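The next block holds one structure in the form of structure tokens; read it before the comments.
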Amino acid sequence: MRIFLVGFSGSGKSTLAKKLAKLLNYTCIDMDSFFVQNYRMSISECFLAYGEQFFREKEKELLIEIIEKDDIVVAVGGGTPCFENNMDLMNQNGLTIYIQMSPSVLYNRLKEHTEHRPILAASNDLLLTITNLLKNRNPFYNQAKITIQGINLTAKKIVQIIKEYEEK
Ligand code: S3P
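Here's what the structure looks like:
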């Protein structure tokens, strides 16, 4: 079983993935940390030195490596589902869950935490950037098999929703 948590930066994917993996006794893979470990550079450094397209290609290679593994919960990078066929790859190889949050909630959660997120760090109107990006990304995120509201979400609740989904 592979579980992919997708959604915008700040929606809680990393924290929830860690807790969910613990509950299920799975391995947690945080794609951003996996990237840093593999390529020995931060995401900001990568964007600065090689640009976004290069980052997306490397991220895709990591995703292909990740789907070889089993019993994992993956905190997927915010932009990963929107590149090439990444969303199809995840849907074909596991259970995708979209952690949904509104632009204003995301804005409040992200406003002090953009430094390691080059796309958001470059913005001079963060709320507008989040709103526009989310509009473009929702068609991809909405391809997830399950959508869950992110506010007050717990790993326990995700387990319950997965069970209900599997019983359907
Ligand atoms: C990105 C989100 C980040 C990281 C990179 C690009 C994006 O991941 O992969 O900065 O395009 O939204 P998080 O969703 O973990 O913040």
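All you need for this note's numbering is the position in the sequence shown, starting with 1, plus 3. Glycine is no exception: its CB is placed at the ideal position from the N, C-alpha and C atoms. Computed from a predicted structure; not experimentally measured.
| Query | Result |
| --- | --- |
| beta-carbon residue 121 near the ligand S3P non-hydrogen atom, thresh 7 Å | yes |
| Nearest residue (CA-CA) to residue 104, options 14, 4, 7 | 14 |
| Nonlocal neighbours in the same chain, by C-beta distance under 7 Å from residue 112, ignoring five residues either side | 13 |
| Residue range of the alpha helix (DSSP H) that includes residue 108 | 106–113 |
| Beta strand (DSSP E) runs wholly inside the region 58–90, at least 3 long, in chain order | 75–78 |
| Simplified DSSP assignment, three categories, for residue 143 | helix |
| Contact test: residue 15 Cβ vs the ligand S3P heavy atom, cutoff 7 Å | no |
| Candidates 149, 78, 76, 86: closest to residue 56 by CA position | 86 |
| The alpha helix (DSSP H) enclosing residue 26, as first and last residue numbers | 16–27 |
| The ligand S3P heavy atom lying under 7 Å from the CB of residue 82 | yes |
| Rounded separation between residue 115 and residue 123 - CA only | 11 Å |
| Residue 67 at chain C interface by Cβ criterion, 8 Å | This model lacks chain C altogether, as it is built from one protein chain only. |
| Residue of 45, 107, 32 minimising C-alpha distance to residue 68 | 32 |
| C-alpha distance - residue 93 paired with residue 70, whole-angstrom precision | 8 Å |
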